[in-house]
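Here's the structure we're looking at; comments come further down.
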Amino acid sequence: MTAALSFPDEVVTKALLRFVTLPSRERAALITLDNGFDHTKPNSFGPGGLASLEAAIDEAVAANPKFIALTGKPYIFCVGADITGMPLLTERAQALELGRYGHRVFRKFKDSPVPTFAFVNGAAMGGGLEVALHCHYRTVSSGAAALALPEVAIGLVPGWGGTQLLPNLIGIAGAAQVILQNPLTQKQLRPAQAHEMGLADAIFEPADYLERSLAWAEGVVDGSITVTRPEVDRDMWDGVLYFAKHQLDERLHGAVHSANRALELLALAKDADFSVGTAAEDDALADLIMGDQARASLYAFDLVQRRAKRPAGAPDRSLARDVTKVGIVGAGLMASQLALLFVRRLEVPVVLTDLDQARVDKGVGYVHAEIEKLVGKGRLDAGRAAKYKGLISGSVDKAAFADADLVLEAVFEDLKVKKQVWAEVEAIVRDDCVLATNTSSLSVSEMAADLAHPERVVGLHFFNPVAMMPLLEIVRADRTDDATLATAFAVGKALKKSSVLVKDAPAFVVNRLLTRFLGVVTAAVDNGTPIEVADSALDPLGLPMRPMALLTMVGPAVAHHVAETLHHAFPDRFGVSANLGRVVEAGKRGFTDRDGNPDPEVLALLEVGSTPSTAEQLRTEATEALAREIRLMLDEGVVADARDIDLCMILGAGWPFHLGGVSPYLDREGISEKVTGARFLAEGVANAPNG
2 MTAALSFPDE VVTKALLRFV TLPSRERAAL ITLDNGFDHT KPNSFGPGGL
52 ASLEAAIDEA VAANPKFIAL TGKPYIFCVG ADITGMPLLT ERAQALELGR
102 YGHRVFRKFK DSPVPTFAFV NGAAMGGGLE VALHCHYRTV SSGAAALALP
152 EVAIGLVPGW GGTQLLPNLI GIAGAAQVIL QNPLTQKQLR PAQAHEMGLA
202 DAIFEPADYL ERSLAWAEGV VDGSITVTRP EVDRDMWDGV LYFAKHQLDE
252 RLHGAVHSAN RALELLALAK DADFSVGTAA EDDALADLIM GDQARASLYA
302 FDLVQRRAKR PAGAPDRSLA RDVTKVGIVG AGLMASQLAL LFVRRLEVPV
352 VLTDLDQARV DKGVGYVHAE IEKLVGKGRL DAGRAAKYKG LISGSVDKAA
402 FADADLVLEA VFEDLKVKKQ VWAEVEAIVR DDCVLATNTS SLSVSEMAAD
452 LAHPERVVGL HFFNPVAMMP LLEIVRADRT DDATLATAFA VGKALKKSSV
502 LVKDAPAFVV NRLLTRFLGV VTAAVDNGTP IEVADSALDP LGLPMRPMAL
552 LTMVGPAVAH HVAETLHHAF PDRFGVSANL GRVVEAGKRG FTDRDGNPDP
602 EVLALLEVGS TPSTAEQLRT EATEALAREI RLMLDEGVVA DARDIDLCMI
652 LGAGWPFHLG GVSPYLDREG ISEKVTGARF LAEGVANAPN G
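Going left to right, the sequence shown walks through residues 2 to 692 as my numbering numbers them.
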């Protein structure tokens, strides 16, 4: 290790070596990774951690035990490299040495003259899973929380042997799934899957996991237990990677450098010597660490893992009131999804109301059906399912809210309707009951203006589908008090959402930016730009979906309504597409069909001009519009700073990690300075040194 690789603030994960006596009375070496904290601060490998592990391996090999086993502290094996130190790497040589150092240490397990075992007792991600792959054999606990090689999603590649070892252990199809598909779809392996794929040789229950793993390992060394692994099919190698590349190009359009490099490394693993393959990993990792996409990805990762857990502007949590019963006004699809979420996460009574019994019954029936689906998938046991069903009820009388601590409305997006709802609810509930609206664009302050207690009204803007989307925009109205706001944040945390405080401004953050962005695209179509050109113009950004697919997902009617709201507020920047109105009036799902091609029936409806844009012109106009809107939002104080806008776009709109959200991309491309005269983020925060 070189001095240049020292991470001054590294929480060193120590490799604690002890010798255990086996039933045969022989000794085995057991190395336990432990950074001295509980499971909330997982083990990771920085330079100090690698040095400790190297010393422990050398000492264990020198003692010539029956075997050497590596495990982790309770619930955690190791979650990989200490990425918090990566911004300290300012030269490619440093990044190269970090890769080489990890390879050198981990290879000691692979080349050990003493049999080596990994006892994966808990979460194993990135370099944690890679060190396990270097061991000769692996067991896994059925209670391990997460098994993954997530590097591609944060602009890197598995750089400590993963791209070379995994495909030669479980085959190229499984490796492509773990290294490419899972990270890009935010999925992880469950222990049973890892065992079934052949990543782990044995799986044991958590209660006696270590004892059974030690006994199993001794049986393997003695020969009483035989480990068989299927032969890897090399004939399908090239075909799998060809298909994987095609899928990546179709989805990401070549925009994600880490995915391209991972493909190259997986191809190399077919025939290359291990040393050649790991040297290629070193080069790829060094290039990516010193690139803008990795730095933007690490910035995004930090937002999601840290800032999201400490929301800017949130009041002291001690001010939050207890929520022991929830009322929901409305029993449509959104309201029913919300009811299911509250029942599952808060485990308190939830009552739905609507205009008639048929609507109420349909909403409650939806929740019951979704609970049964969870049981059928094995994600919920019968006892808990029965409890949840017992907690959900419906009524046509809002008097059912009399003892509620929080009432959430999810009715039609019409200010007059919502004000009427709140007037009726306020006459029934206690004075300290929190009143929350799920509006996507309307003014929360206006909704509360005529109430006796407007200070207890707050916006809770959820995103669809409710169970999947992690963002919750918490809207502080003009008179919302701290107790109400603190309760909203406490509820958001209990619902396992990442909450961001936003000002009561039209459409808040995500919908305002998406509407600005989609408005440019639909205006281009109105002016005569072919739909296929408008739809593909932003492909170089590698966004999660094209504009027309996004419009379909949001729903033309919702998009049109939000556009009208924003046009009313900001007529100089937000237009209302007459053609989008025609799509809504015709009841069409969008401008394209289910295959993403222009819908002939929609084309027949459109009235277009004669000033089409090229893809490049449209891309420039759309990104410059985003930059202007972000600057205005920051000037208005819609959020605390640009980091919250990026967090919202990542969690609420699926803006990719490799862009770092939206502001790092606009900074990196020079668009921020061109349009607004300044960067959104300081140099180096989300881009490479001197980049």
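Glycine included, every Cβ here is placed at the ideal spot set by N, Cα and C.
Same chain, Cβ closer than 8 Å to glutamate 693, five either side skipped, listed in chain order:
Nothing can be reported for residue 693: it is not among the residues displayed for the chain, which extend from 2 to 692.
Where do the ends of the alpha helix (DSSP H) carrying leucine 604 lie?
Along the sequence shown, one-based indexing puts residue 604 at 603. For leucine 604, the uninterrupted alpha helix (DSSP H) run begins and ends at 601-604, by DSSP.
Rounded to the nearest angstrom, what separates lysine 504 and glycine 638 at their Cα positions?
Numbered from its first residue, the sequence shown carries residue 504 at position 503. Numbered from its first residue, the sequence shown carries residue 638 at position 637. Looking at the two C-alpha atoms, the distance is approximately 7 Å.
Let me make sure I understand the geometry here. Which of Trp217, Leu170, Ile58 has the alpha-carbon closest to that of alanine 195?
For the purposes of this step, residue 195 is taken as residue 194 along the sequence shown, with counting starting at 1. Cα-wise, what sits closest to alanine 195 is Leu170.
In angstroms, rounded to a whole number, what distance separates the CA positions of phenylalanine 490 and phenylalanine 413?
The sequence position of residue 490 within the sequence shown is 489, counting from 1. The sequence position of residue 413 within the sequence shown is 412, counting from 1. Here the alpha carbons of phenylalanine 413 and phenylalanine 490 stand approximately 25 Å from one another.
Determine the DSSP secondary structure at tyrosine 138, reduced to helix, strand or coil.
Numbered from its first residue, the sequence shown carries residue 138 at position 137. Tyrosine 138 falls in the strand class under three-state DSSP.
Among Thr22, Ala145, Asp482, Val62, the one whose alpha carbon lies nearest that of phenylalanine 78:
Reading the sequence shown from its first residue, position 77 is the one you call residue 78. It is Ala145 whose Cα lies nearest to the Cα of phenylalanine 78.
If we count the other Cβ atoms within 10 Å of its Cβ and call it buried at 16 or more, is alanine 94 buried or exposed?
In the sequence shown, counting from the first residue as 1, residue 94 sits at position 93. Exposed, since its Cβ has fewer than 16 Cβ neighbours within 10 Å.
Helix, strand or coil, according to DSSP, for glutamate 212 in the structure here?
Working through the sequence shown from its first residue, we reach residue 212 at position 211. Note: glutamate 212 maps to helix in three-state DSSP.
Counting pairs of Cβ atoms below 8 Å between the stretch 618-633 and the stretch 521-538, do you hit three or more?
Yes, the stretch 618-633 is in contact with the stretch 521-538.
Euclidean distance between Cα positions of methionine 198 and glutamate 630:
As a position in the sequence shown, residue 198 is number 197, starting the count at 1. As a position in the sequence shown, residue 630 is number 629, starting the count at 1. Spanning the two alpha carbons is a distance of roughly 48 Å.
Mind checking aspartate 355: buried by the 16 CB within 10 Å criterion, or exposed?
Residue mapping note: residue 355 aligns to position 354 of the sequence shown, counting from 1. The residue in question, aspartate 355, is buried, as its Cβ has 16 or more Cβ neighbours within 10 Å.
Need the endpoints of the beta strand (DSSP E) that arginine 477 sits in, please.
One-based indexing of the sequence shown puts residue 477 at position 476. Its beta strand (DSSP E) spans residues 472-477.
Those residues which DSSP pairs with isoleucine 393 across a bridge
To locate residue 393, count along the sequence shown from 1; it is residue 392. Beta-bridge partners assigned by DSSP to isoleucine 393: Val351.
Tell me which residues share the same chain as threonine 117 and place their Cβ nearer than 6 Å to its Cβ, disregarding the 5 neighbours each side in the sequence.
Translated into the one-based positions of the sequence shown, residue 117 becomes position 116. So the qualifying residues of the chain are Ile69, Phe110, Cys136, His137.
Report the rounded CA-to-CA distance for tryptophan 423 versus aspartate 433, giving the unit in angstroms.
Translated into the one-based positions of the sequence shown, residue 423 becomes position 422. Translated into the one-based positions of the sequence shown, residue 433 becomes position 432. The alpha-carbon atoms of tryptophan 423 and aspartate 433 are separated by roughly 14 Å.
Output the boundary residues of the beta strand (DSSP E) element that contains threonine 72.
In the sequence shown, the residue the question calls residue 72 occupies position 71. For threonine 72, the uninterrupted beta strand (DSSP E) run begins and ends at 69-73, by DSSP.
Beta-carbon gap between alanine 654 and leucine 567 smaller than 8 Å
Taking the sequence shown and counting its residues from 1, one reaches residue 654 at position 653. Taking the sequence shown and counting its residues from 1, one reaches residue 567 at position 566. The answer is no: Cβ separation not under 8 Å.
Round the Cβ separation of glycine 81 and phenylalanine 120 to the nearest angstrom and send it over; I've been treating them as touching at under 8 Å.
Position 80 of the sequence shown, counting from 1, holds the residue named residue 81. Position 119 of the sequence shown, counting from 1, holds the residue named residue 120. The C-beta separation of glycine 81 from phenylalanine 120 comes to about 17 Å, leaving the pair out of contact by the 8 Å criterion.
Give the straight-line distance between the Cα atoms of alanine 4 and phenylalanine 107, rounded to the nearest whole angstrom.
The residue given as residue 4 occupies position 3 in the sequence shown. The residue given as residue 107 occupies position 106 in the sequence shown. Only weak support is given to the placement of alanine 4: the predicted model assigns it a pLDDT of 43, under 50, and the value that follows is read from those uncertain coordinates. Each residue's Cα considered, the two are about 20 Å apart.
What residue range does the alpha helix (DSSP H) around serine 276 cover?
Within the sequence shown, numbered from 1, the residue matching residue 276 stands at position 275. First-last of the alpha helix (DSSP H) with serine 276: 275-290.
Buried or exposed for glycine 416, going by 16 or more other Cβ atoms inside 10 Å?
Indexing the sequence shown from 1 puts residue 416 at position 415. The amino acid at residue 416 is misidentified as glycine; the sequence shows leucine. Under this definition leucine 416 is an exposed residue.
Could you check where the alpha helix (DSSP H) with glutamate 630 kicks off and where it finishes?
As a working note, residue 630 is residue 629 in the sequence shown. In the DSSP assignment, glutamate 630 falls within the alpha helix (DSSP H) that extends over 616-637.
Residue from His254, Pro613, Pro184, Arg235 whose Cα sits closest to the Cα of leucine 269:
Along the sequence shown, one-based indexing puts residue 269 at 268. Nearest in C-alpha terms to leucine 269, of all of His254, Pro613, Pro184, Arg235, is Arg235.
For methionine 448, the first and last residue of its enclosing alpha helix (DSSP H):
The residue given as residue 448 occupies position 447 in the sequence shown. It spans 445-449 - the alpha helix (DSSP H) in which methionine 448 sits, taken as one unbroken run.
If you draw a straight line from the alpha carbon of leucine 150 to that of alanine 260, how long is it in whole angstroms?
Position 149 of the sequence shown, counted from the first residue, corresponds to residue 150. Position 259 of the sequence shown, counted from the first residue, corresponds to residue 260. Approximately 12 Å, taken between the alpha carbons.
Would you kindly work out how many angstroms separate the C-alpha atoms of threonine 85 and tyrosine 102, rounded to a whole number?
Translated into the one-based positions of the sequence shown, residue 85 becomes position 84. Translated into the one-based positions of the sequence shown, residue 102 becomes position 101. If I take the Cα positions, the gap works out to 17 Å.
Express the C-alpha separation of proline 75 and methionine 2 in angstroms, rounding to a whole number.
One-based indexing of the sequence shown puts residue 2 at position 1. One-based indexing of the sequence shown puts residue 75 at position 74. Residue confidence for methionine 2 is low, a pLDDT of 43 falling below 50, so the modelled location carries little weight; the figure read from the coordinates is stated next. Cα to Cα, the separation comes out at about 29 Å.
Given arginine 517 as reference, the closest of Leu185, Asn183, Arg547, Arg574 once Cα atoms are compared:
Locating residue 517 in the sequence shown gives position 516, counting from the first residue. When each option's Cα is compared against that of arginine 517, the closest is Arg574.
Does the beta-carbon distance from aspartate 511 to glutamate 474 come in below 8 Å?
Residue mapping note: residue 511 aligns to position 510 of the sequence shown, counting from 1. Residue mapping note: residue 474 aligns to position 473 of the sequence shown, counting from 1. Here the sequence assigns valine to residue 511, which means aspartate is not the residue at that position. Yes, Cβ-Cβ distance for valine 511 and glutamate 474 is below 8 Å.
Can you give me the start and stop residues for the alpha helix (DSSP H) that leucine 581 sits inside?
Counted from its first residue, the sequence shown places residue 581 at position 580. In the DSSP annotation of this structure, the continuous segment of the alpha helix (DSSP H) that includes leucine 581 starts and ends at 579-586.
Under 8 Å between C-beta atoms of alanine 579 and proline 507:
For the purposes of this step, residue 579 is taken as the residue at position 578 of the sequence shown. For the purposes of this step, residue 507 is taken as the residue at position 506 of the sequence shown. Proline 507 is positioned such that its CB atom lies no closer than 8 Å to that of alanine 579.
With distances taken between CB atoms, is the gap from isoleucine 329 to valine 365 smaller than 8 Å?
Residue 329 sits at position 328 when you count from the first residue of the sequence shown. Residue 365 sits at position 364 when you count from the first residue of the sequence shown. Taking the C-beta atoms as reference points, valine 365 is found no nearer than 8 Å to isoleucine 329.
Do glutamate 131 and glycine 175 have their CB atoms nearer than 8 Å?
On the sequence shown, position 130 is the one that residue 131 refers to. On the sequence shown, position 174 is the one that residue 175 refers to. Annotated as distal: glutamate 131 and glycine 175, with beta-carbon spacing of 8 Å or more.
Of all the options Ala359, His247, Val351, Ala449, which has the alpha carbon lying nearest to the alpha carbon of aspartate 404?
Your numbering for residue 404 matches position 403 in the sequence shown. Closest option to aspartate 404, judged by alpha-carbon separation, among Ala359, His247, Val351, Ala449: Val351.
Can you tell me whether serine 500 is helix, strand or coil according to DSSP?
Against the sequence shown, residue 500 aligns to sequence position 499. Strand at serine 500.
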